[in-house]
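Just below is one structure, and these are the notes that go with it.
There are 2 protein chains.
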Amino acid sequence: MHWSGKASLKGATEVERDIFAELERIFHPRGVVIVGASNSDGNLGRFFLDGFIQLGFEKLYVVHPREKEVRGVKTYSTVGEISGEVDLAVVFSPQETVSQVVRECTLKGIKGVVVCTSGFGEKDGEGRRLEQEVVEIARRGDTRLIGPNCVGIYCPSSRLANFGFLPKESGPVGMISQSGSLAVMFTVAEAARGIRFSKVVSCGNECDLNAADFLAYLGQDPETRIILTYLEGVKDARRFCQLAREVSMEKPIIIWKGGTTEVGARAAATHTGALAGATEIWRAAIAQTGMISANSAEELLDCLEAFYFLPLPKGGRAAIVSAMGGLGVTIADACIECGLEVATLSAHTRRRLEEFVPPVGTSIDNPVDLGMGSIFNPQLYIDTIRALVEDDNVDMLLITSSSWDPSYIERVLEVVRGVEKPIAFVSTPALKTVMEEPLPTTGIAIYPDGRRAAMALGKLVAYRRFRSGD
Amino acid sequence: MHWSGKASLKGATEVERDIFAELERIFHPRGVVIVGASNSDGNLGRFFLDGFIQLGFEKLYVVHPREKEVRGVKTYSTVGEISGEVDLAVVFSPQETVSQVVRECTLKGIKGVVVCTSGFGEKDGEGRRLEQEVVEIARRGDTRLIGPNCVGIYCPSSRLANFGFLPKESGPVGMISQSGSLAVMFTVAEAARGIRFSKVVSCGNECDLNAADFLAYLGQDPETRIILTYLEGVKDARRFCQLAREVSMEKPIIIWKGGTTEVGARAAATHTGALAGATEIWRAAIAQTGMISANSAEELLDCLEAFYFLPLPKGGRAAIVSAMGGLGVTIADACIECGLEVATLSAHTRRRLEEFVPPVGTSIDNPVDLGMGSIFNPQLYIDTIRALVEDDNVDMLLITSSSWDPSYIERVLEVVRGVEKPIAFVSTPALKTVMEEPLPTTGIAIYPDGRRAAMALGKLVAYRRFRSGD
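So the sequence lines, in the order shown, correspond to chains G and V. For my numbering, add 3 to where a residue sits in the first sequence, where the first one is 1. For my numbering, add 3 to where a residue sits in the second sequence, where the first one is 1.
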């Protein structure tokens with residue numbers, strides 16, 4: 004099955020092609036109505052309206068029973084009164100009015116309704132009954148539901164917002180999140196690092212459209228090259244896993260699973276009503292589908308940065324360069340523990356290193372230790388990096404450095420330009436402020452700790468092996 | 004055995020009391036000579052001399068065969084020419100001259116010689132022979148050796164430097180490191196977070212004084228409340244473990260072990276000549292001695308920040324507060340996986356929370372989810388934190404927050420003032436810049452990821468249990 008580009012969908016089943024077409028309309032609406040935005044302080048609907056305005060979406064409508072105008076947008080008292088074409092509704096109305104709003108949306112022929120309102124399936128009793136009612140109303144029309152209890156869709160290329168103040172630029176990362184706030188948090192956090200998103204969808208309780216539907220969509224979406232997911236449970240595990248395996252062959256899927264413990268799973272049930280499922284089953288599913296598993300927000304982003312900025316390595320043989328023996332030793336440990344090998348340098352490379360690496364207080368065995376003197380001699384680093392990237396026994400580099408001078412990084416980039424090997428810089432806690440700045444270009448990734456760099460590179464290798472069937 | 008304060012050494016064996024007295028003289032020298040500092044560019048000796056000058060050490064001497072003056076300090080051609088009293092020498096001379104320098108030091112009656120020069124026991128053959136020779140010379144005199152292949156001693160209260168540009172202020176953290184650069188890196192990194200050190204010693208190849216000696220010293224040192232260690236191997240494992248167990252009863256020892264894999268251990272052998280020892284034996288030793296184990300630089304510092312800023316919790320029951328359901332769920336997972344419990348809130352606390360937490364899109368079960376609306380309502384956080392810290396079923400708090408307004412943190416601190424329960428703030432990747440600033444005061448610790456917070460709190464609980472014999 005081919006997943007890259009609209010022209011290459013022929014391997015997808017008809018069902019998945021239909022979902023793609025259906026979601027394309029919802030993700031590229033001719034008009035959007037925000038139901039429940041008001042001028043009250045702290046009104047979430049207005050905050051989202053700000054998001055749409057700021058991204059530049061033009062055909063915006065607001066529905067509210069009492070307001071005349073919100074943020075300069077004319078307000079209608081019901082959806083039915085709008086005469087323009089609307090394909091997407093984003094609903095913030097009180098829980099008890101949501102059925103009526105969805106009914107009006109179906110009558111208006113709206114393709115997708117995002118229900119942001121909470122208090123449905125994640126609460127027992129009345130909440131669950133209301134959710135069922137809303138689903139039945141939508142199904143009788145031709146309307147698909149996203150949520151409830153979510154923040155909906157961010158899609159910068161079609162100017163859809165799921166919060167205020169999001170980046171306008173598109174990028175290759177798609178995200179599916181069962182937590183609305185995490186969806187927003189990751190978008191904002193990664194934007195600061197120069198990483199941009201194609202589509203981010205928060206799917207909440209998944210009363211209708213679910214994570215598998217969005218995976219089918221992002222899998223076929225030509226804008227999306229990498230997929231991030233935060234999931235607490237899936238409604239249709241068989242289809243989800245089947246899709247995950249097929250999509251993984253083309254695009255990495257990085258997954259953070261919430262509810263991996265009994266206590267966490269119980270919390271997930273009150274959060275999105277998801278059944279988190281047994282951890283062992285999940286673990287097996289992740290291994291079989293080739294998904295990349297992360298166990299924290301930080302690990303998810305560390306993995307994303309590797310897949311975003313670095314090429315896939317040919318193999319798992321890492322070379323390590325440091326000016327600090329202790330860092331070299333511990334990064335070697337971390338590499339081994341993260342499934343990498345510590346490369347055996349070629350005789351040619353060793354001869355090259357012998358020519359310029361001082362003989363005392365250093366080591367030209369991998370991990371290469373350039374010694375304390377290298378603090379005053381960045382050229383030693385540059386020459387060493389050149390020798391190592393040119394060694395056929397080396398698939399990737401981990402470099403710790405005492406200097407983070409931009410001109411030094413520029414020179415390293417020159418040496419590694421065109422080399423299809425991942426290069427990870429290991430910053431050190433003493434130098435961590437450098438991490439806050441966006442990278443100068445792709446081709447290298449920077450991690451604040453050797454173990455985090457080794458972990459992320461280990462995931463690249465594991466994914467490469469999955470794709471090549473090893 | 005009591006380890007806190009000079010007045011309480013009576014439980015220590017005579018051998019350990021002798022070591023303490025011997026090292027006290029070396030750590031508080033009447034004069035210091037730097038051998039091998041010169042005016043050449045990139046001279047390490049001069050860089051260290053800068054460090055001593057900047058810390059304000061006054062009785063400084065320099066020995067160099069050709070220089071007349073370095074940094075305004077009069078230079079002698081041999082140690083023997085110095086007439087003032089000198090208790091510590093820091094040696095940067097070329098390897099082949101070190102024996103002669105040490106001989107002169109013994110004749111001068113110098114108590115301690117730090118040999119920074121590399122190329123001894125960590126290299127086979129000639130290096131190892133030279134190291135043995137130096138040891139024999141020192142033993143014939145009454146001189147103790149630190150190193151070779153190290154950076155020696157940082158002790159701000161007696162103005163000793165092991166690098167340039169170190170903080171002048173003392174604090175309660177002692178450190179023993181077999182990597183010189185890591186010793187310096189941690190000092191600088193933690194200073195940026197407001198953490199200060201009592202003594203930092205880099206012990207290199209440990210040809211004479213070794214990690215166990217320094218552990219005995221820091222264990223008895225009244226200035227030291229927490230001990231950090233980076234070790235690749237120990238020379239006298241039985242004594243080290245015996246000491247570690249005894250010291251741990253009074254002061255937490257946080258250990259990062261390098262060379263935990265075969266490849267890392269091989270690298271350690273060329274780094275400091277240390278025999279890293281089997282990982283399983285180390286793991287058992289760490290468990291039995293009550294030491295706190297960290298597996299990366301980041302984890303070491305995360306643990307240190309918990310022990311530095313937070314009180315020891317009475318038990319392992321954690322309460323979690325978030326405005327993001329997904330973070331609450333995953334922090335609950337992380338707590339369980341790090342050996343904590345997720346507290347069952349008392350009926351009284353639940354009733355209190357019910358009074359002010361909105362009923363929809365929230366949860367008053369632990370993890371407490373305050374919902375998206377709390378973005379606009381920090382008071383909700385304050386009231387919730389108050390209710391939770393006052394619950395006897397709660398031993399510690401993990402708080403994620405959307406607001407990092409200093410006045411908000413100030414208000415949280417007011418609520419938790421005087422409460423002897425650890426409070427960890429979980430920042431989020433989107434808000435990570437806050438992490439760069441020093442904490443406003445002790446009493447809370449801030450972590451950029453829920454898992455890292457749970458890990459650090461889990462270590463506090465494990466240590467508390469070790470101390471109380473559970």
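Each residue gets a CB set at the ideal place from its N, CA and C atoms; glycine is no exception.
Between the beta-carbon of leucine 356 of chain V and that of threonine 387 of chain V there is about 7 angstroms, and that keeps the pair under the 8 angstroms contact cut. Neighbours of asparagine 298 of chain G in chain V, taken as residues whose beta carbon is under 7 angstroms from its own, are Arg454 in chain order. The alpha-carbon of arginine 248 of chain V is positioned some 25 angstroms away from that of isoleucine 29 of chain V. Taking CB atoms only, tryptophan 259 of chain V has a neighbour in chain G less than 9 angstroms away. Secondary structure at glutamate 344 of chain V: strand, using DSSP grouped into helix, strand and coil.
Among the residues facing chain V, proline 170 of chain G is not included, as its CB has no counterpart in that chain under 9 angstroms away. Ranked by Cα distance from tyrosine 411 of chain V, the options V:Pro381, V:Leu391, V:Val187, V:Pro425 are led by V:Pro381.
Residue environment: threonine 190 of chain V is assigned as buried (16 or more neighbouring CB atoms within 10 Å of its CB, all protein chains considered).
Methionine 252 of chain G carries a coil assignment under DSSP once its states are collapsed to helix, strand and coil.
About 6 angstroms separates the Cβ atoms of leucine 246 of chain G and alanine 219 of chain G, confirming a contact at the 8 angstroms cut-off. Counting C-beta atoms within 10 angstroms of its own C-beta, arginine 143 of chain V has fewer than 16 neighbours from the protein chains shown and is therefore classed as exposed. When C-beta atoms of the region 116-128 of chain G are compared with those of the region 154-170 of chain G, three or more pairs fall below 8 angstroms, so the two segments count as touching.
Where valine 116 of chain G is concerned, the enclosing beta strand (DSSP E) starts and stops at 115-118. Judged by DSSP in its simplified three-state form, leucine 315 of chain G adopts coil rather than helix or strand. In summary, alanine 24 of chain V is exposed, with fewer than 16 beta-carbon neighbours lying within 10 Å of its beta-carbon over all protein chains present. Taking C-beta atoms as the reference points, asparagine 165 of chain G and valine 204 of chain G count as a pair closer than 9 angstroms.
If you look at valine 101 of chain G, you'll find it in the alpha helix (DSSP H) that goes 101-111.
Contact annotation: in the region 359-380 of chain G, residues whose CB is within less than 9 angstroms of a CB in chain V are Pro362, Val363, Gly364, Thr365, Ser366, Asp368, Asn369, Pro370, Asp372, Gly374, Met375, Gly376, Ile378, Phe379, Asn380. Leucine 234 of chain V is positioned such that its CB atom lies closer than 9 angstroms to that of isoleucine 258 of chain V. Cβ-Cβ separation between isoleucine 179 of chain V and phenylalanine 217 of chain V: approximately 5 angstroms, consistent with a contact (criterion under 8 angstroms). Here glutamate 72 of chain G has Thr78 as same chain residues with Cβ atoms under 6 angstroms from its own Cβ, once five neighbours each way along the sequence are excluded.
Pairing serine 184 of chain V with alanine 457 of chain G gives a Cβ-Cβ distance that is not under 9 angstroms. DSSP places alanine 465 of chain G within a helical segment (H, G or I) once states are collapsed to three. Between glycine 446 of chain G and isoleucine 426 of chain G the beta-carbon gap is near 7 angstroms, inside 8 angstroms, which marks them as a contact. Within the region 328-348 of chain G, those residues whose Cβ lies closer than 9 angstroms to any Cβ of chain V are, in chain order, Gly328, Gly329, Leu330, Gly331, Val332, Thr333, Ile334, Ala335, Asp336, Ala337, Cys338, Ile339, Glu340, Glu344, Val345. For the region 230-242 of chain V, the beta-carbon criterion of a distance under 7 angstroms to any beta-carbon of chain G is satisfied by Tyr233, Glu235. Closer than 9 angstroms to the CB of threonine 263 of chain V there is at least one CB belonging to chain G.
When secondary structure is reduced to three states using DSSP, threonine 78 of chain G falls in the strand class. Segment contact: the region 330-349 of chain G against the region 29-40 of chain V, fewer than three CB-CB distances shorter than 8 angstroms; contact not assigned. Using beta-carbon distances, serine 121 of chain V counts as an interface residue toward chain G, with a partner under 9 angstroms. Closer than 9 angstroms to the CB of aspartate 90 of chain V there is not a single CB belonging to chain G. In this structure, the alpha-carbon of lysine 62 of chain G lies about 23 angstroms from that of valine 187 of chain G. Within 7 angstroms of the CB of serine 182 of chain G, the CB atoms of chain V belong to Met327, Gly328, Gly329, in sequence order along the chain. Listed by position along chain G, the residues whose Cβ is nearer than 8 angstroms to that of glutamate 301 of chain V are Pro432, Pro451, Asp452, Arg454, Arg455. Aspartate 127 of chain G counts as exposed, since fewer than 16 other C-beta atoms from the protein chains shown sit within 10 angstroms of its C-beta. Membership of phenylalanine 359 of chain V in any beta strand (DSSP E) is not indicated; the residue belongs instead to the alpha helix (DSSP H) covering 350-359.
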